[in-house]
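In the working numbering, the protein residues as written are 31 to 175.
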């Protein structure tokens with residue numbers, strides 16, 4: 031079973047502010063509840079081919095993986111992909127200016143293997159809850175800057 035989860039939120043800030051902040055992987059630990067750290071393998075700023083090591087926790091397990099930026103349209107779309115570990119995944123962000131702020135969509139999809147494959151239905155529900163929380167945290171973080 032593949033995992034494909036997408037959530038969206040209207041974030042009450044201009045597109046430029048949301049995309050600049052959320053599109054910088056260095057800020058991920060500040061608005062993703064499960065990401066503990068991000069370390070650049072390639073020098074910032076973000077560009078196609080940039081690589082970052084992420085450390086996270088999910089379902090009580092420590093995860094370490096390397097993301098590579100595979101698509102980048104500044105202010106519109108960012109896609110990063112990992113092939114590490116039992117759950118190779120692609121994460122994408124899209125941003126659209128809307129009345130009242132920026133519509134941000136966050137999508138995670140991948141093909142789990144081994145234990146992760148058996149746990150895919152639970153992972154999907156847990157990921158969706160976490161992703162909604164993360165977008166709420168992003169909005170609060172921008173408000174408190």
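Ideal placement from N, C-alpha and C gives every residue a C-beta, glycine not left out.
None of these values were measured; they are calculated from a predicted model.
- When the five nearest sequence neighbours on each side are left out, the beta carbons in the same chain lying within less than 7 Å of the beta carbon of residue 163 are those of 63, in order along the chain.
- In this structure, DSSP gives residue 89 a state outside helix and strand, which the three-state scheme calls coil.
- By alpha-carbon distance to residue 65, the top candidate from 102, 84, 37 is 84.
- Residue ranges of uninterrupted beta strand (DSSP E) with 3 or more members, entirely inside the region 51–107 and ordered along the chain, are 65–70, 81–88, 91–103.
- Ranking 55, 127, 44 by CA distance to the CA of residue 80 puts 55 first.
- Counting only residues of its own chain and dropping the five nearest sequence neighbours on each side, residue 32 has a CB closer than 6 Å to the CB of 141.
- A Cβ-Cβ distance of about 6 Å is found for the pair residue 39 and residue 134, placing them in contact under the 8 Å criterion.
- The Cβ atoms of residue 111 and residue 119 sit closer than 9 Å to each other.
- Rounded to the nearest angstrom, the Cβ distance from residue 77 to residue 99 is 7 Å, consistent with a contact under 8 Å.
- Scanning its chain for C-beta atoms nearer than 6 Å, with the 5 sequence neighbours on each side dropped, one finds around residue 93 the residues 86, in chain order.
- C-alpha of residue 161 to C-alpha of residue 43: approximately 19 Å in a straight line.
- Around residue 114, the same chain offers 94, 95, 96 as residues with beta carbons nearer than 8 Å, after the five sequence neighbours per side are excluded.
- Residue 132 and residue 104 have their C-alpha atoms some 14 Å from each other.
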